[in-house]
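So the structure is just underneath, and the comments pick up after that.
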DNA sequence: TGGGAATCTTGTCAATGACTAGATAGTCTC
DNA sequence: GAGACTATCTAGTCATTGACAAGATTCCCA
């Protein structure tokens, strides 16, 4: 896999890393392929070869994001076997991988039908639903799953946009609390 | 408003309306001031006078959106006096005023500290919290408010991004159902 | 060793946001 | 009703960007 090519070597990885930094700093809209090329020290058309166009770059980031999310959900379930902690992990992912999260749920910016994206998204979706029947005794599990997803996704989104100003610096603790409101122990 | 040769007459309103159409069609990122100017039949710099820059235009849209949201929440509470129906109205607003909603929760695109925006946002926030104590018997009302906001905001966001594909064409009915999961009658 | 493929560069084009200066219309005052 | 003042819109310009095309350099493999 070591690609000592031309002047740079591992341009694809370098551009992806630079894109994550740039998105974290300025949001998905504040990223330009030319700036990423400058950061990587290559010509302005260098990144194009690896991603085709800007949407291609964001597609790669979305796929990577869904993979990371699925991994995080798997780990949370394995560690606690508590459905609510899977939700907390969802929020934790959004905060810790803000750039990925911001891209993932803006399908107008990339190619949502990309096979890699679809596969990882399905995997994440499956992992998110795992264990929903352990807490939703009387209710429809499918509906409970939608409610749970909505709750943690909404909390994460509101937190990231700065709408929840009256919360102390422990978003995951608050996420755990509201998960308890939805699914009482 | 009859069109004049030089002066448009009602350019500010025309640009705002064109912007809503364009955002509904292509998202907030797919809007250009020059295209809006073309749609309104004025020169490429015409809209600048009314909004300063692109962020100024989106600021006006955000303020208008928060005002419309606050109105919708007021009406829902007045009509039903049911806190859960206020949440359903939140979802209904997001669907019926998608362009506004898409802008409102992307503060990186406009000036979130604008006085008009802040005032209407506070009003909407107040209206959203009204009645939360009628359903949150044992729990902390503040926490219950955050949970409710997260739930409906997350559901609306997921619906608008196309993430909830397995729901029939009645998002507000589903919203009502998950509000019932969070706050059982 | 030679040729094809992968990788990167250089050059170009239209579109855009932002800025400046100027032209025109509406309004107010006297 | 005339001039002055202000609001509104036009015309021109510039740097930046995404996308594309064509060429140069390096890698890989038979």
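Residue numbers (the working numbering), protein chains in the order written: chain W, 107 to 291; chain L, 107 to 291. Ideal Cβ placement from N, Cα and C applies to all residues, glycine included.
Taking the CA atoms as reference points, residue 174/L sits about 19 Å from residue 261/L.
A Cβ-Cβ distance of about 19 Å is found for the pair residue 143/L and residue 133/L, leaving them out of contact under the 8 Å criterion. At a cut-off of 8 Å between C-beta atoms, residue 221/W does not count as an interface residue with respect to chain L. Within the segment 226 to 287 of chain W, the complete alpha helix (DSSP H) segments at least 4 residues long are 247 to 266, listed from N- to C-terminus. Per the C-alpha coordinates, the member of 138/W, 283/W, 116/W positioned closest to residue 246/L is 283/W. For the pair residue 172/W and residue 223/W, the CB atoms are nearer than the 8 Å cut-off.
Annotation for residue 255/L: 234 place their beta carbon closer than 7 Å to its own, counting only its chain and skipping 5 residues before and after. A Cβ-Cβ contact shorter than 8 Å links residue 125/W with residue 163/W.
Within the segment 197 to 214 of chain W, the residues whose Cβ lies closer than 8 Å to any Cβ of chain L are, in chain order, 211, 212, 213, 214. The C-beta of residue 157/L comes no closer than 8 Å to any C-beta of chain W.
The C-alpha of residue 161/L is placed about 22 Å away from the C-alpha of residue 141/W.
Residue 226/W counts as buried, since at least 16 other C-beta atoms from the protein chains shown sit within 10 angstroms of its C-beta.
For residue 167/L, not one C-beta of chain W is nearer than 8 Å to its own C-beta. Across the structure, residue 195/L and residue 201/L are spaced so that their CA atoms are roughly 10 Å apart.
At a cut-off of 8 Å between C-beta atoms, residue 125/W does not count as an interface residue with respect to chain L. Per DSSP, reduced to three states, the secondary structure at residue 180/W is helical.
Its Cα nearest to that of residue 236/W, the residue 182/W stands out among 263/W, 149/W, 182/W. Judged by DSSP in its simplified three-state form, residue 223/L adopts helix. Chain-ordered, the chain L residues with CB closer than 8 Å to the CB of residue 288/W read 253, 257, 287, 288. Per the C-alpha coordinates, the member of 117/W, 251/W, 150/W, 169/W positioned closest to residue 229/W is 169/W.
Using beta-carbon distances, residue 280/W counts as an interface residue toward chain L, with a partner under 8 Å.
Nearest neighbour of residue 145/L by Cα position, chosen from 189/L, 184/L, 120/L, turns out to be 120/L. For residue 283/L, the nearest CB of chain W lies under 8 Å from its own CB, placing it at the interface with that chain. Between residue 189/W and chain L, the shortest Cβ-Cβ separation is not below 8 Å. Contact of residue 151/L with chain W is not assigned, every C-beta pair being separated by 8 Å or more. In its chain, beyond the 5 residues on either side, 194, 197, 198 have a beta carbon closer than 7 Å to the beta carbon of residue 278/L. Under the 8 Å criterion on CB atoms, residue 250/L is classed as interfacial with respect to chain W. Taking each of 280/L, 252/L, 186/L in turn and checking the Cα distance to residue 231/L, the smallest one comes out for 252/L.
Spatial neighbours of residue 281/W in its own chain (CB-CB distance under 6 Å, excluding positions within 5 residues in sequence) are listed in chain order as 194, 197, 261. For residue 158/L and residue 248/W, the gap between their C-alpha atoms comes out near 48 Å. In this structure, residue 287/W sits away from residue 264/L, with a CB-CB distance that is not shorter than 8 Å.
If you ignore the 5 residues before and after residue 150/W, its C-beta comes within less than 6 Å of the C-beta of 140, 143, all in its own chain and listed in chain order.
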